[in-house]
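Chemist:
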Amino acid sequence: GRVAPFAATMASSSDARRHRTVTEMVHEVGGAKIAMQLLHAGRYAYQPSAVAPSAKKAPIGWFTPHALSSAQVEATIGDFAAAAALAQEAGYDGVEVMGSEGYLINQFLVTRTNHRSDAWGGSFANRMRLPVEIVRAVRGAVSADFILIFRLSMLDLVRDGSSWEEVVELAQAVEEAGATIINTGIGWHEARVPTIATSVPRGGFAWVTQKLKGHGLSIPLVATNRINTPEVAEAVLASGQADMVSMARPLLADPDFVNKAAAGTPQLINTCIACNQACLDHTFKMQRASCAISPYLPLPPHLSTRPASTTRSRCSAPPALS
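When we follow this note's numbering, the leftmost residue of the sequence shown carries the number 13, and every step to the right adds one.
1) Do you know whose CA, among Ala209, Ile46, Ala19, Gly228, lies nearest Lys237's CA?
2) Is it a yes or a no for the stretch 228–247 touching the stretch 196–203, going by three-plus beta-carbon pairs under 8 Å?
3) What residue ranges within the stretch 93–169 form continuous beta strand (DSSP E) runs of no fewer than 3 residues, ordered along the chain?
4) Helix, strand or coil for Ile256? Go by DSSP, reduced to three states.
5) Rounding to the nearest angstrom, what Cα-Cα distance links Leu182 and Leu116 in this structure?
6) Which two residues bound the contiguous beta strand (DSSP E) that contains Gln184?
7) Cα separation between Ala99 and Val85?
8) Our contact map puts Cys291 next to Ser302 with C-beta atoms below 8 Å; I'd like the distance itself, whole angstroms only.
9) Can you round the beta-carbon distance between Tyr56 and His201 to whole angstroms, since I take them to be within the 8 Å contact cut?
10) Taking the alpha-carbon of Ala218 as reference, which of Ser211, Ser251, Gly190 has the nearest alpha-carbon?
11) Just to confirm, is the Cβ distance from Val257 to Ala245 under 9 Å?
12) When the Cα atoms are used, what is the spatial distance from Trp132 to Gln119?
13) Is Ser174 buried or exposed, if buried means 16 or more other CB atoms sit within 10 Å of its CB?
14) Straight-line CA distance for Arg14 to Gly114?
15) Out of curiosity, what's the CA-to-CA distance linking Pro262 and Gln222?
16) For His31, count neighbouring Cβ atoms within 10 angstroms of its own Cβ and tell me buried if that reaches 16, exposed if not.
17) What three-state label does DSSP hand Gly90 in the structure shown?
18) Just reading off the beta strand (DSSP E) that Thr196 is part of, what are its end residues?
19) Comparing alpha-carbon positions, which option in Ile231, Leu264, Ala87 lies nearest Pro307?
20) Evaluate contact between the stretch 131–151 and the stretch 68–76, counting only Cβ atoms and requiring at least three cross-stretch pairs below 8 Å.
21) Are the CB atoms of Ile161 and Val109 within a distance shorter than 9 Å?
22) Taking 9 Å as the CB-CB cut-off, is His78 touching chain C?
23) Measure the beta-carbon distance from Ala83 to Arg148 and round it to whole angstroms, keeping in mind my assumption that it falls under 8 Å.
24) Looking at Ala96: is its Cβ nearer than 9 Å to the Cβ of Leu169?
25) Evaluate Arg139 with the Cβ neighbour count: other Cβ atoms within 10 Å of its Cβ, from every protein chain shown; 16 or more gives buried, anything less gives exposed.
26) Please go through the same chain and pick out, in chain order, the residues whose beta-carbon is closer than 8 Å to the beta-carbon of Glu243, but skip the five residues on each side of it.
27) Spatial neighbours of Pro60 within its chain, please: CB distance less than 7 Å, with the 5 preceding and 5 following residues excluded, ordered by chain position.
See below:
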């Protein structure tokens, strides 16, 4: 499930021990909680050993994946559960099972990528078995109070993706299997419709989360994508579109986002402009993620600072006219 060769995994107690540094620092802040995202890249993996429900190469992929055998599918379920147990051992308060954005779980859900004829393909009941069994196995591997978030692709934005009826059915099934929160996923990485770029209106996909409310779900629903100011977040919550909001890039742009909002100084927040130039672009080029506008992170290489090679004189401002 690695995204790339030598990418980080949570597969042993030694892996868990290395994460303790992170979880302990978070817990030093009163009331703060931290969850680890469990992701299997599937056919999006940048490695020749990529696997998927069927041997169909992604349009943005490097390799044609190997189709998983039934035994390997069962083993993958166990791997998710084992990783969750190790995450709890590492001090995490929960995990998020990544079921969206076109990664492995998403690939099993839709006929676009699932061409199987066994118990893991064909009908939607079969295609949704993997996420439901993963959630059930994770819940059985951790304590009852351990947070289990499922990131559900509510809008695939690709041909032959999930229907709305299938989205609702899966949401209900993962809650029954033991999820405690459902996060919103919007669009596969190969989708041609912008989902997080500057051209997307702020909070522009919160309506999708709202559409899922009222379908017999009793667990919190999280809205995401282009929520980059406290005002936008508050508007989404106050309108009842979601129970919670999720942010990622805004916290790269300003790690003190929450502190400034709580202090009543949102005007001091260094606001994410959704340029994606140093975060996602770098990630997909196998470079370290940064932020083009953040003074807190290392600058991207093309914006790096260095001493001037020659000394130049400075101009003084003319005296003010009386």
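Glycine included, each C-beta is placed from N, C-alpha and C at the ideal position.
Modeler: On the basis of the supplied data:
1) The sequence shown places Asn at residue 237, not Lys. Looking at the Cα atoms, Ala209 is the closest of the given residues.
2) yes
3) Segments of the beta strand (DSSP E) lying fully in the stretch 93–169: 106–111, 159–167.
4) Sequence inspection shows Met at residue 256; the Ile mentioned does not correspond to that position. Met256: strand per DSSP, three-state reduction.
5) 16 Å
6) In this chain, Gln184 is not harboured by any beta strand (DSSP E); it is covered by the alpha helix (DSSP H) spanning 176–189.
7) Ala99 and Val85 have their C-alpha atoms some 21 Å from each other.
8) 7 Å
9) Indeed they touch by this definition, with Cβ atoms about 6 Å apart.
10) The shortest Cα separation from Ala218 among Ser211, Ser251, Gly190 belongs to Ser251.
11) yes
12) One C-alpha to the other measures close to 11 Å.
13) buried
14) 15 Å
15) 22 Å
16) buried
17) Gly90 falls in the helix class under three-state DSSP.
18) 193–198
19) Leu264
20) no
21) yes
22) In summary, chain C is missing from the structure at hand, where a single protein chain is found.
23) Incorrect: roughly 19 Å between the Cβ atoms, too far for contact.
24) no
25) buried
26) Pro278
27) Phe75
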